[in-house]
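Novice: Dropping a structure here in C-alpha cells format, bear with me for questions.
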Amino acid sequence: MIDKLEMFIALARNRHFGRAAEECGVTQPTLSAAIKQLEEQLGVMLVWRGSRYRGLTPEGARVLEWARQIVGDARTMREEMRAVKQGLSGKLRLAVIPTALAMVSGLTTPLSARHPNLKFTVLSRTSAEILQLLENLEIDAGIPYLDNEPLGRVTTVPLFAEHYNLVTRADTPLSDRQSVTWAEVAALPLCLLTPDMQNRRIINRHMAQAGAQVAPRLESNSVITLTSHVLTGDWATILPLQTAEFFLASGALSAVPIVAPEAAHLVGLVAPHREPHTPVLDALLTAARRLGGPSA
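Positions 1 to 296 (our numbering) are the ones given, in order, by the sequence shown.
This is the structure:
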C-alpha cells in the first residue's frame, strides 16, 4: 500500500504517467497497474483517464491528502528506526528564498558538526514553490517569509526580520547617506528580483505606499546577478540587511537603510505539521530555535 501511495503521489506531482514512472524507478505499465490496484482496494476512481493523464477525480484529490500524510508518517518511522541504529544520517533537503541563502550556513554548519553523517541539499526557490515542495514531500523543510502570504498548516520557527537597504557601489551618490526613502530609490537605475519572488512583491508594495512606481532596468532570480551588476557602479539594488552584509565585506559596496516607511518582514523555517517529526527534522528545528534566539 505504501509503495502504491508513493506512486500515486508521484503521478499527481508529475501529471504524466511516464514521468511519474521514471521518478519512481518503475516501468509505466507497473505504475499504471499499481494505480489501478489502489483504486480497486479503495473502491473509487482516482484518476480521470483518456489517451493521457487528465487529472484527479474529486475522490482522488481527497486520497492524495491522505496519501501525503500516510507516506510522510511511514518515512518518519523508517528514519527514526535508522537513527536508533546509526545515529542521525541521510540527506536533509531544504528550499530557501534567495534573500535568506546567505544565512543557511548558520543552520547547516552546527548540524553537520554534531552529525557528520548528515548530508544537505539546499535549493533556491520562491516562497510559493517552497510551500508546494513541502506539501508534495519533495523537501524536508524550507525558509520562506512567514508574515506576508498564507502558509497553510505548517510548523514555523522565526529566524530573523528583513530590513531593507539600498545597495550601491561605495563611491556612488547616496552611498554615504544615513538613510534614503523608497521614493528616492525608485528614481535610481535598479536591478531587482523577478516578480514571482515574494521579496519583489514586498518591494513593489512599499514603493506604491511611497507613491513611487517600480521600473527596474534588470530583473533576475539570482542575488549574485544583482550584486555583480551593482559592482559595476551603473546599477543599484534593494536587499535585506542580512543578505547585504554578505557582500559588504570587501568594502566595494555600501548599504543604506530605506525609510518612509521603514519596513520589516519575518523570515523563518517551515516544516510539515506532523508529530512526531523525524529525528533529523527535530535536530533542524532545534538548531533553528537556537539561531532565531528568544523570539523563536
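Ideal placement from N, C-alpha and C gives every residue a C-beta, glycine not left out.
Source: prediction; values computed, not measured.
Using the beta-carbon count (16 or more within 10 Å), is Ser295 buried or exposed?
Specialist: Against the sequence shown, residue 295 aligns to sequence position 295. For Ser295, the predicted structure reports a pLDDT of 45, less than 50, and the residue's modelled location is therefore unreliable. A value from the coordinates is still provided. Its Cβ having fewer than 16 others within 10 Å, Ser295 is exposed.
Novice: According to DSSP, is Ser220 part of a helix, a strand, or is it coil?
Specialist: On the sequence shown, residue 220 is found 220 positions in, with the first residue counted as 1. Three-state result, Ser220: strand.
Novice: Where do the N-terminal and C-terminal ends of the beta strand (DSSP E) with Ala170 fall, by residue?
Specialist: The sequence position of residue 170 within the sequence shown is 170, counting from 1. It is not in any beta strand (DSSP E) - Ala170 carries neither H nor E in the DSSP assignment.
Novice: DSSP three-state label for Gly72, please.
Specialist: In the sequence shown, the residue the question calls residue 72 occupies position 72. If DSSP states are grouped into helix, strand and coil, Gly72 belongs with the helices.
Novice: At what residue ranges does the stretch 223-290 contain a whole run of the alpha helix (DSSP H), taking only runs of 4 or more?
Specialist: List check, alpha helix (DSSP H) in window: 223-230, 241-248.
Novice: Do you know how far the Cα of Arg169 is from the Cα of Gly142?
Specialist: The count along the sequence shown starts at 1 and reaches residue 142 at position 142. The count along the sequence shown starts at 1 and reaches residue 169 at position 169. Rounded to whole angstroms, Gly142 to Arg169 spans 32 Å at the Cα level.
Novice: Bridge partners for Thr303 per DSSP, in chain order?
Specialist: Past the boundaries of the shown model lies residue 303; the chain is included only from 1 to 296, so the question cannot be answered.
Novice: Taking all protein chains shown into account, decide if Gln209 is buried (16 or more other Cβ within 10 angstroms of its Cβ) or exposed.
Specialist: By one-based count along the sequence shown, residue 209 stands at place 209. By the 10 Å Cβ count, Gln209 comes out exposed.
Novice: Thinking C-alpha only, which one of Thr76, Pro116, Phe120, Arg114 is nearest Val104?
Specialist: Along the sequence shown, read from residue 1 onward, the residue named residue 104 stands at position 104. Checked all of Thr76, Pro116, Phe120, Arg114; the closest Cα to Val104 is Phe120.
Novice: When DSSP labels each residue in this structure, what does Ala296 get in the three-state scheme?
Specialist: Indexing the sequence shown from 1 puts residue 296 at position 296. Below a pLDDT of 50, predicted positions are generally treated as unreliable, and Ala296, at 41, falls in that range; no measurement from the model is reported.
Novice: Could you tell me the alpha carbon to alpha carbon distance between Leu56 and Ala12, rounded to whole angstroms?
Specialist: Counted from its first residue, the sequence shown places residue 56 at position 56. Counted from its first residue, the sequence shown places residue 12 at position 12. Near 7 Å, if we compare the C-alpha coordinates of Ala12 and Leu56.
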